[in-house]
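Residue numbers (the numbering used here), protein chains in the order written: chain F, 32 to 147; chain Z, 467 to 579.
The structure appears right after this line, and notes come after that.
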């Protein structure tokens, strides 16, 4: 069974559109994350979400918003897509929010978003 | 601020020969360091982590890494490469005071028969 799954795997869309990426984890974890991997392979954290507490990386534009219908899901909504949003987006989960030194993060396979 | 530099974007070895993937880090605090592996179309998988305990860390699949504070390095090694080791490897540094994880740009490992 896949521990952390994301859909879709590939997403191609035009500038200005609104799109969502879904993430689900079946590990019973309390904390979920979204990361953005740019063209140079650097992964940067966008959001951490734990028991309805949202921690936002201040560099993330407010066009990006995470939505959590329940503990097992953390979806990423993006409004008014821009060319610079093209990247691979990774979802992850962990048992707690104490940090990766304490709790291992489990990553999904990634969603490659291409904005044309 | 913390950062990592993976010194090689691509490493190619023959099956059965040693693997060395190099990583240097920069951190203002006592860091935690990790190596992750990503196989094609798969998620990132944790290989091993250093969290201020033993400086030589053993991970899964025969990999190990040594934390060298004087050299600010955390190189990943394996005595004998296997074809299944071909993947992308990421070195990661984390400040123990927050959840920030800085990933390196990755090293693609190719294993030749």
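Ideal placement from N, C-alpha and C gives every residue a C-beta, glycine not left out.
Delimiting residues of the beta strand (DSSP E) encompassing residue i
| i | result |
| --- | --- |
| residue 123(F) | 118-125 |
| residue 97(F) | 95-98 |
| residue 497(Z) | 497-504 |
| residue 150(F) | Outside the shown range of chain F (32 to 147) lies residue 150(F), about which nothing can therefore be said. |
| residue 85(F) | 84-87 |
| residue 56(F) | 50-56 |
| residue 81(F) | 74-81 |
| residue 91(F) | That residue, residue 91(F), is in no beta strand (DSSP E); it is neither H nor E in DSSP. |
| residue 541(Z) | 539-544 |
| residue 492(Z) | 489-492 |
| residue 511(Z) | 510-516 |
| residue 108(F) | 106-109 |
| residue 114(F) | That residue, residue 114(F), is in no beta strand (DSSP E); it is neither H nor E in DSSP. |
Three-state secondary structure assigned by DSSP to residue i
| i | result |
| --- | --- |
| residue 63(F) | strand |
| residue 527(Z) | helix |
| residue 473(Z) | coil |
| residue 551(Z) | helix |
| residue 42(F) | strand |
| residue 575(Z) | strand |
| residue 128(F) | coil |
Spatial neighbours of residue i in its chain, beta-carbon cut-off 7 Å, leaving aside the 5 residues before and after
| i | result |
| --- | --- |
| residue 79(F) | 62, 64, 86 and 128 |
| residue 58(F) | 34, 124 and 137 |
| residue 82(F) | 61 |
| residue 532(Z) | 521, 522 and 541 |
Closer than 8 Å to chain F by CB, residue i
| i | result |
| --- | --- |
| residue 507(Z) | yes |
| residue 512(Z) | yes |
| residue 552(Z) | no |
| residue 498(Z) | yes |
| residue 560(Z) | yes |
Beta carbon proximity, residue i to chain Z, threshold 8 Å
| i | result |
| --- | --- |
| residue 74(F) | yes |
| residue 139(F) | yes |
| residue 113(F) | no |
Nonlocal neighbours in the same chain, by C-beta distance under 6 Å from residue i, ignoring five residues either side
| i | result |
| --- | --- |
| residue 74(F) | 66 and 68 |
Proximal residues, the region 519-546 of chain Z versus chain F, C-beta separation under 8 Å: none
When Cβ atoms are compared, which residues of the region 79-100 of chain F fall closer than 8 Å to chain Z? 79 and 86
Proximal residues, the region 35-57 of chain F versus chain Z, C-beta separation under 7 Å: 35
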